[in-house]
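Q: Start counting the sequence shown at 1; every next residue gets the next number (UniProt numbering).
Note that CB positions come from ideal geometry on N, CA and C, so glycine has one too.
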Amino acid sequence: MIISFLNQKGGVGKTTLSVNVAGCLARQGHRVLLIDADKQGSATTWASLREDAPFQVVSMARANMARDALKLAQDYTHTIIDGPPHAEEIARSCIVASDFVALPIEPSGLSTWASDLTVRQVKEAQEFKLSLKCGFVVSRKIGKTVIGRDIRNMAAEAGLPILASEIEQRVAFAEGMTMGQTIFEWAGDSNAAREINQLTKEIERYVEEDIFGGSEAEAAANG
Numbered sequence: 001m002i003i004s005f006l007n008q009k010g011g012v013g014k015t016t017l018s019v020n021v022a023g024c025l026a027r028q029g030h031r032v033l034l035i036d037a038d039k040q041g042s043a044t045t046w047a048s049l050r051e052d053a054p055f056q057v058v059s060m061a062r063a064n065m066a067r068d069a070l071k072l073a074q075d076y077t078h079t080i081i082d083g084p085p086h087a088e089e090i091a092r093s094c095i096v097a098s099d100f101v102a103l104p105i106e107p108s109g110l111s112t113w114a115s116d117l118t119v120r121q122v123k124e125a126q127e128f129k130l131s132l133k134c135g136f137v138v139s140r141k142i143g144k145t146v147i148g149r150d151i152r153n154m155a156a157e158a159g160l161p162i163l164a165s166e167i168e169q170r171v172a173f174a175e176g177m178t179m180g181q182t183i184f185e186w187a188g189d190s191n192a193a194r195e196i197n198q199l200t201k202e203i204e205r206y207v208e209e210d211i212f213g214g215s216e217a218e219a220a221a222n223g
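#1: Give the straight-line distance between the Cα atoms of Lys133 and Gly188, rounded to the nearest whole angstrom.
#2: Who are the near neighbours of His78 in its chain, counting only those whose CB is closer than 6 Å to its CB and skipping five residues on each side?
#3: Check residue 224 in the structure and name its three-state DSSP category.
#4: Going by CA-CA distance only, name the one from Ser165, Gln169, Val122 and Val138 that's closest to Ser131.
#5: Going straight from the alpha carbon of residue 226 to that of Glu106, what length do you get?
#6: Looking only at its own chain, which residues have a Cβ that is under 6 Å from the Cβ of Glu208, when we skip the five neighbours before and after it?
#7: For Ser18 and Gln56, what's the separation of their Cα atoms in angstroms?
#8: Are there 16 or more other CB atoms within 10 angstroms of the CB of Lys141, so buried, or fewer, so exposed?
#9: Have a look at Leu72, Arg120, Phe128 and Gln169 and flag the residue whose alpha-carbon is nearest the alpha-carbon of Glu157.
#10: Given a cut-off of 8 Å, decide if Met60 and Asp36 are closer than it, judged by their beta-carbon atoms.
#11: Give the range of the alpha helix (DSSP H) segment to which Ala66 is assigned.
#12: Using the rule of at least 16 other Cβ atoms within 10 Å of the residue's Cβ for burial, across every protein chain shown, is Thr178 buried or exposed?
Here is the structure:
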């Protein structure tokens, strides 16, 4: 299973989600690979802060990475790709390699504008890779913020679901990343850890149960 976290806007929590979803899968006993496809190398930097990460981290930020990513993924049960902002060709390669593309967006409308390009790329890829699925993940949510109408409208127009699992903006995430730890190592009993666990389960269910693909996604988004 290959899961990419992508959005052409930076600062929406792609690396935080990638690292912690990978950590969640690893603690369940899965063999996990995290591919850092962002030239900024944030996930690689996180891994360098520790000697024994619970999963393998590989840097692979190039436009033609899809074939190599698929080859590496054969040795793992789960592969997570931390995608880049402002890098259209690399993002396209990430999409082509994926089973599920998670689009982190903030409750404000700002990150939705940057999602438009990625959504178009996903739709193009789905024309020849029918099994490819995609969904929006609300990230960096502040407290009880209500998801904006613009986000729901965009999801409906795109025919893509907004996942039920929402990730709030929490200090524990920043602390864990700074210390080179997953949220489960840093604050295993926290709400932050529970949110990541719920998100991971939801993504796995979407991929394994073959839902939210094609017309089903459109029906769900408009439902």
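A: Considering the structure as presented:
#1: Straight-line Cα distance between these residues: approximately 29 Å.
#2: Excluding sequence positions up to five before and after His78, its CB lies within less than 6 Å of the CB of Met1, Leu25, His30 and Val32, all in the same chain and listed in chain order.
#3: Nothing about residue 224 can be read from this structure; the chain reaches only from 1 to 223.
#4: The residue with the shortest Cα to Cα distance from Ser131 is Val122.
#5: Past the edges of the chain, shown from 1 to 223, lies residue 226, and the structure says nothing about it.
#6: Answer for Glu208: no residue qualifies.
#7: When rounded, the distance between both Cα atoms is 12 Å.
#8: Under this definition Lys141 is a buried residue.
#9: Out of Leu72, Arg120, Phe128 and Gln169, Arg120 has the C-alpha closest to the C-alpha of Glu157.
#10: Yes. Within cutoff.
#11: Ala66 -> alpha helix (DSSP H) spans Ala66 to Ala73.
#12: Exposed: under 16 other Cβ atoms inside 10 Å.
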